[in-house]
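**Q** Using this note's numbering, read the sequence shown as starting at 82 and increasing by one per residue. Just so you know, even glycine gets a beta-carbon here, dropped at the ideal spot from N, CA and C. Since the structure is predicted, the reported quantities are computational estimates derived from the model, not experimental observations. Structure below; questions to follow.
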Amino acid sequence: MLQELYISNFVLIDKVTITLCERLNVFSGATGVGKSMIIGALNFIIGGRATADLVRSGKEEATVIGKFSITDGSLLMQIKKISDNNTIEEELLLQRSIDTNGRSRCRLNDFPITVSMLKEIGEILINIHGQHEHETLLHGINQLYILDDFGGISPLREQFADIYQQFTEKTILRDTLKSNQLERGQKRDLYAFQIDEIDKAQLKASEAEELEKEKTLLSNAEKIYSTISSCYSQLYEASDAILERLKSVRRELQSIAKLDDTLQKIFDDSTQSAYLMEDMAFSLGKYRDGFNYDPQRLEIIEERLNTIRKLSSKYGSTIKEILSYRDEASEKLKLLSEEGAVAGNLDEEIHKLTNDLKQKGGELTRKRLSTAEQLTPLINKELHDLGIPHGRFSVQLTSSFLHNHYDPQVSDAKRHGFDQVDFLISPNPGEDLKPLKKIASGGEISRVMLALKHQLAKADKTPVLVFDEIDANIGGRMGEVIGEKLSSIARSHQVICITHLPQIASYADEQWKVHKVVKNGKTYSTIENLSGKSRLEEIAEMIRGSEKTDITRKQAQEMLRDAKRKVKN
Numbered sequence: 082m083l084q085e086l087y088i089s090n091f092v093l094i095d096k097v098t099i100t101l102c103e104r105l106n107v108f109s110g111a112t113g114v115g116k117s118m119i120i121g122a123l124n125f126i127i128g129g130r131a132t133a134d135l136v137r138s139g140k141e142e143a144t145v146i147g148k149f150s151i152t153d154g155s156l157l158m159q160i161k162k163i164s165d166n167n168t169i170e171e172e173l174l175l176q177r178s179i180d181t182n183g184r185s186r187c188r189l190n191d192f193p194i195t196v197s198m199l200k201e202i203g204e205i206l207i208n209i210h211g212q213h214e215h216e217t218l219l220h221g222i223n224q225l226y227i228l229d230d231f232g233g234i235s236p237l238r239e240q241f242a243d244i245y246q247q248f249t250e251k252t253i254l255r256d257t258l259k260s261n262q263l264e265r266g267q268k269r270d271l272y273a274f275q276i277d278e279i280d281k282a283q284l285k286a287s288e289a290e291e292l293e294k295e296k297t298l299l300s301n302a303e304k305i306y307s308t309i310s311s312c313y314s315q316l317y318e319a320s321d322a323i324l325e326r327l328k329s330v331r332r333e334l335q336s337i338a339k340l341d342d343t344l345q346k347i348f349d350d351s352t353q354s355a356y357l358m359e360d361m362a363f364s365l366g367k368y369r370d371g372f373n374y375d376p377q378r379l380e381i382i383e384e385r386l387n388t389i390r391k392l393s394s395k396y397g398s399t400i401k402e403i404l405s406y407r408d409e410a411s412e413k414l415k416l417l418s419e420e421g422a423v424a425g426n427l428d429e430e431i432h433k434l435t436n437d438l439k440q441k442g443g444e445l446t447r448k449r450l451s452t453a454e455q456l457t458p459l460i461n462k463e464l465h466d467l468g469i470p471h472g473r474f475s476v477q478l479t480s481s482f483l484h485n486h487y488d489p490q491v492s493d494a495k496r497h498g499f500d501q502v503d504f505l506i507s508p509n510p511g512e513d514l515k516p517l518k519k520i521a522s523g524g525e526i527s528r529v530m531l532a533l534k535h536q537l538a539k540a541d542k543t544p545v546l547v548f549d550e551i552d553a554n555i556g557g558r559m560g561e562v563i564g565e566k567l568s569s570i571a572r573s574h575q576v577i578c579i580t581h582l583p584q585i586a587s588y589a590d591e592q593w594k595v596h597k598v599v600k601n602g603k604t605y606s607t608i609e610n611l612s613g614k615s616r617l618e619e620i621a622e623m624i625r626g627s628e629k630t631d632i633t634r635k636q637a638q639e640m641l642r643d644a645k646r647k648v649k650n
């Protein structure tokens, strides 16, 4: 339960601490005094949307803290799992602040948590039923969810939704693969041809550069041979060969070298030059003798280079790029081949998922039919209690399972199953049952909603239920019945209720009055706990307004006394 609610600098509230009881807590007050801020603060503390305008004018930050006592072990385990905090015990503090820049901070027992964590935890702890919520009752899908909640079928529906999602995703993938089968085959043939063409070429990484060098040599073979031969002859073979003349120069230098160190160095250099010349002549001779010009080899090189150029024009400007393209094509060919196998495997998976959908869908339909049979008489009794004595309520379940003798087309499935649910009502004698959205007035819809909530509360595991002006569109004559229903719900849940009706307020175990006051030119909303005379005065004011009389006070006293007696019974 929510033990305390601390609100600071929140809209018109300066600072207030509200200590709540474990049963029915009612907030009353004139229209416009700020009762909605209580709901706003509760919505804020459970992760609702928050903006900077929640911060009270002139303040830097708004803060709301909720002190909860959790005795349900399964709820506590869920909170520990969401927050990833195993140190949490039965008492926990939820805190959220927002500053004037819109920055929000959330904490659980002084440990920082994210807004999404706060929202998940909040959904476990508090369920807020808004004053306009009855409008959602008109939508068929919400009626189906209400039926599932009452029957405890929601987990089964979620299992069906998981299977349905897998079925849908795999069906789309399978159909995509099959629709692209021709294109995939063409791509496979193309990649196989390209890989074969590149593989047949047996390319080597630096081959093109080496071939170009060899081509240059062979293209200039005659020039190279004649030049080498001439140089060799001048160095070694000619009658006036350079080496012979150099020998003559060395002999003459040798005769005078010892006369001067400088001459000795020149002689030594000439000796070194002679050795170099001899090496050069030897190398030229060896190169000339080994030089082999083969015109056919030039043709082979040119043909090979043409092959490389042809591949380059298709697959990349260099051999490295061509080989890289070949690897990519090989990977794509592998994936295309795998896709063909995947398409076959998907058929098997989809067949299994189809059977699973039908099995879970059939179980959903049977349980919904059974739940509808249980819910119908309970809601009929609730409607009689709520002032529709001849009202009849029924749940109409339309299912392709029933229509097709439990062998439906999977194409008829939706995320929630094969069923469509419509709440039917006949508010007056002699009228046929018709969909709620077609014939019910606002007051009738509100009463049906309250009837459903009274029954659903028995199955709802959320410890705190909040009703924001559940008395909308309902007259004072029904207030007493509604108050009794809320009191009944409060036997298994902590209930917080915002109301204008004294009949409902009289059933409260704790009552607060919201005031609006102006001090020093600033507006404040204050919250006062009522008991004894102050509560009697508030009930009387709710009956008559500010012009209270002894008669209205007696009426208020009687309301409180009757409510107390009925709650005891």
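1) Kindly indicate which three-state DSSP category I119 falls into: helix, strand or coil?
2) Between the Cα of A273 and those of I99, I253 and E412, spot the shortest distance and give me the residue it belongs to.
3) Taking only beta-carbon positions, decide if L174 is within less than 8 Å of chain D.
4) Nearest-angstrom Cα distance between S310 and L365?
5) Check whether the Cβ atoms of L263 and A424 sit closer than 8 Å, and answer yes or no.
6) Measuring only the C-alpha atoms, how far is S300 from L379?
7) Mind checking A586: buried by the 16 CB within 10 Å criterion, or exposed?
8) With DSSP collapsed to three states, give me the class of H210.
9) Which residue wins for smallest C-alpha separation from F108, given the options I579, E639, N610 and S329?
10) Rounded to whole angstroms, what's the CA-CA distance from S480 to D229? Just pull it up for me.
11) Can you grab the Cα-Cα spacing for the pair R390 / G266, in whole Å?
12) Going by Cα to Cα distance, which pick from L316, F241 and N387 is closest to E293?
13) Would you grab the beta carbon distance between L101 and L83 for me? Rounded to a whole angstrom, and I think it's under 8 Å.
14) Determine whether the beta carbon atoms of A538 and I570 lie at a separation below 8 Å.
15) Could you tell me the alpha carbon to alpha carbon distance between F348 and F372, rounded to whole angstroms?
16) Which value, in whole angstroms, describes the spacing of the CA atoms of K200 and G128?
17) Determine whether the beta carbon atoms of L86 and A122 lie at a separation below 8 Å.
18) DSSP on V92, reduced to helix/strand/coil?
19) Please go through the same chain and pick out, in chain order, the residues whose beta-carbon is closer than 6 Å to the beta-carbon of T144, but skip the five residues on each side of it.
20) Does the distance from the CB of V595 to the CB of I608 come in under 8 Å?
21) I need the straight-line Cα distance from G560 to N208, nearest angstrom please.
22) Assuming contact is defined by CB atoms lying nearer than 8 Å, are D513 and S507 in contact in what I supplied?
23) So K441 and Q584 are in contact, right, with Cβ under 8 Å, and what is the actual spacing, rounded?
24) Let me know the secondary structure DSSP gives E172 once reduced to three states.
25) Give the C-beta separation of T181 and V136 to the nearest angstrom, bearing in mind that I take them to be a contact with Cβ-Cβ under 8 Å.
26) Thinking C-alpha only, which one of R496, V491, E429 and D243 is nearest I222?
27) CB L392 to CB I403, shorter than 8 Å?
28) Measuring straight from C-alpha to C-alpha, what distance separates K448 and I234?
29) Between the C-alpha atoms of S405 and E295, what's the straight-line distance to the nearest angstrom?
30) How would you call P544, buried or exposed, if buried means at least 16 neighbouring beta carbons within 10 angstroms?
31) Would you decide whether M623 is buried or exposed? Buried here means 16 or more other CB atoms lie within 10 Å of its CB.
32) Using only CA atoms, which one of M118, E103 and I99 lies nearest to Y605?
33) Let me check understanding here. Comparing Cα to Cα, which of D375, R326 and G613 lies closest to T352?
34) Once DSSP output is grouped into helix, strand and coil, what is the label at R177?
35) Considering Cα atoms alone, identify which of Q592, E171, Y588 and D408 is closest to K148.
36) Roughly how many angstroms separate the alpha carbons of T252 and E141, rounded to a whole number?
**A** On the basis of the coordinates in this document:
1) Taking the first residue of the sequence shown as 1, we reach residue 119 at position 38. Helix.
2) Position 192 of the sequence shown, counted from the first residue, corresponds to residue 273. If we check each option's Cα against that of A273, E412 comes out closest.
3) In the displayed structure, chain D is absent; only one protein chain is listed.
4) Within the sequence shown, residue 310 is the residue found at index 229, counting from 1. Within the sequence shown, residue 365 is the residue found at index 284, counting from 1. Their backbone Cα atoms lie some 8 Å apart in a straight line.
5) Residue 263 sits at position 182 when you count from the first residue of the sequence shown. Residue 424 sits at position 343 when you count from the first residue of the sequence shown. Not closer than 8 Å, so no.
6) The sequence position of residue 300 within the sequence shown is 219, counting from 1. The sequence position of residue 379 within the sequence shown is 298, counting from 1. Looking at the two C-alpha atoms, the distance is approximately 8 Å.
7) On the sequence shown, position 505 is the one that residue 586 refers to. Its Cβ being crowded by 16 or more others within 10 Å, A586 is buried.
8) Translated into the one-based positions of the sequence shown, residue 210 becomes position 129. In the structure shown, H210 sits in a strand (DSSP, three-state: E or B).
9) As a first step, residue 108 is located in the sequence shown; it is residue number 27 there, counting from the start. Closest by alpha carbon: I579.
10) For the purposes of this step, residue 480 is taken as residue 399 along the sequence shown, with counting starting at 1. For the purposes of this step, residue 229 is taken as residue 148 along the sequence shown, with counting starting at 1. Going by the C-alpha atoms only, they are around 15 Å apart.
11) Within the sequence shown, residue 390 is the residue found at index 309, counting from 1. Within the sequence shown, residue 266 is the residue found at index 185, counting from 1. For R390 and G266, the distance between alpha carbons rounds to 29 Å.
12) Counting from one through the sequence shown, the residue named residue 293 turns up at place 212. Nearest of L316, F241 and N387 to E293, Cα basis: N387.
13) Locating residue 101 in the sequence shown gives position 20, counting from the first residue. Locating residue 83 in the sequence shown gives position 2, counting from the first residue. Yes, L101 and L83 are in contact; Cβ-Cβ is about 5 Å, under 8 Å.
14) The residue you call residue 538 lines up with position 457 of the sequence shown. The residue you call residue 570 lines up with position 489 of the sequence shown. Against a cut-off of 8 Å, the Cβ pair of I570 and A538 comes out as a contact.
15) Residue 348 sits at position 267 when you count from the first residue of the sequence shown. Residue 372 sits at position 291 when you count from the first residue of the sequence shown. Cα to Cα, F348 sits roughly 36 Å from F372.
16) Residue 200 sits at position 119 when you count from the first residue of the sequence shown. Residue 128 sits at position 47 when you count from the first residue of the sequence shown. Distance between the alpha carbons of K200 and G128 is about 4 Å.
17) Mapped onto the sequence shown, residue 86 falls at position 5. Mapped onto the sequence shown, residue 122 falls at position 41. Contact: yes.
18) Here residue 92 refers to the residue found at position 11 when the sequence shown is read from its first residue. Note: V92 maps to coil in three-state DSSP.
19) Here residue 144 corresponds to residue number 63 of the sequence shown, with the count starting at 1. So the qualifying residues of the chain are S89 and S178.
20) The residue labelled residue 595 in the question sits at position 514 within the sequence shown. The residue labelled residue 608 in the question sits at position 527 within the sequence shown. Yes; because the gap between Cβ atoms is below 8 Å, this pair is in contact.
21) Here residue 560 is taken as the residue at index 479 of the sequence shown, counted from 1. Here residue 208 is taken as the residue at index 127 of the sequence shown, counted from 1. Rounded to the nearest angstrom, the two C-alpha atoms are 22 Å apart.
22) Translated into the one-based positions of the sequence shown, residue 513 becomes position 432. Translated into the one-based positions of the sequence shown, residue 507 becomes position 426. It is a contact, given that the beta carbons lie within the stated cut-off.
23) Stepping through the sequence shown from its first residue, residue 441 is reached at position 360. Stepping through the sequence shown from its first residue, residue 584 is reached at position 503. Incorrect: roughly 46 Å between the Cβ atoms, too far for contact.
24) Stepping through the sequence shown from its first residue, residue 172 is reached at position 91. Strand at E172.
25) Mapped onto the sequence shown, residue 181 falls at position 100. Mapped onto the sequence shown, residue 136 falls at position 55. Contact flag correct, Cβ pair sits at about 5 Å.
26) Counting from 1 along the sequence shown, the entry for residue 222 is found at position 141. Out of R496, V491, E429 and D243, R496 has the C-alpha closest to the C-alpha of I222.
27) For the purposes of this step, residue 392 is taken as the residue at position 311 of the sequence shown. For the purposes of this step, residue 403 is taken as the residue at position 322 of the sequence shown. The answer is yes: Cβ separation under 8 Å.
28) What you label residue 448 is simply residue 367 of the sequence shown in a count that begins at 1. What you label residue 234 is simply residue 153 of the sequence shown in a count that begins at 1. Rounded to the nearest angstrom, the two C-alpha atoms are 7 Å apart.
29) Your numbering for residue 405 matches position 324 in the sequence shown. Your numbering for residue 295 matches position 214 in the sequence shown. Straight-line Cα distance between these residues: approximately 26 Å.
30) Mapped onto the sequence shown, residue 544 falls at position 463. Buried, by the Cβ-count rule.
31) Within the sequence shown, numbered from 1, the residue matching residue 623 stands at position 542. Buried, by the Cβ-count rule.
32) Here residue 605 refers to the residue found at position 524 when the sequence shown is read from its first residue. Answer by Cα proximity: M118.
33) Taking the first residue of the sequence shown as position 1, residue 352 is located at position 271. Checked all of D375, R326 and G613; the closest Cα to T352 is R326.
34) Mapped onto the sequence shown, residue 177 falls at position 96. If DSSP states are grouped into helix, strand and coil, R177 belongs with the strands.
35) For the purposes of this step, residue 148 is taken as the residue at position 67 of the sequence shown. Residue E171 is the option with its Cα nearest to K148.
36) Counted from its first residue, the sequence shown places residue 252 at position 171. Counted from its first residue, the sequence shown places residue 141 at position 60. For T252 and E141, the distance between alpha carbons rounds to 54 Å.
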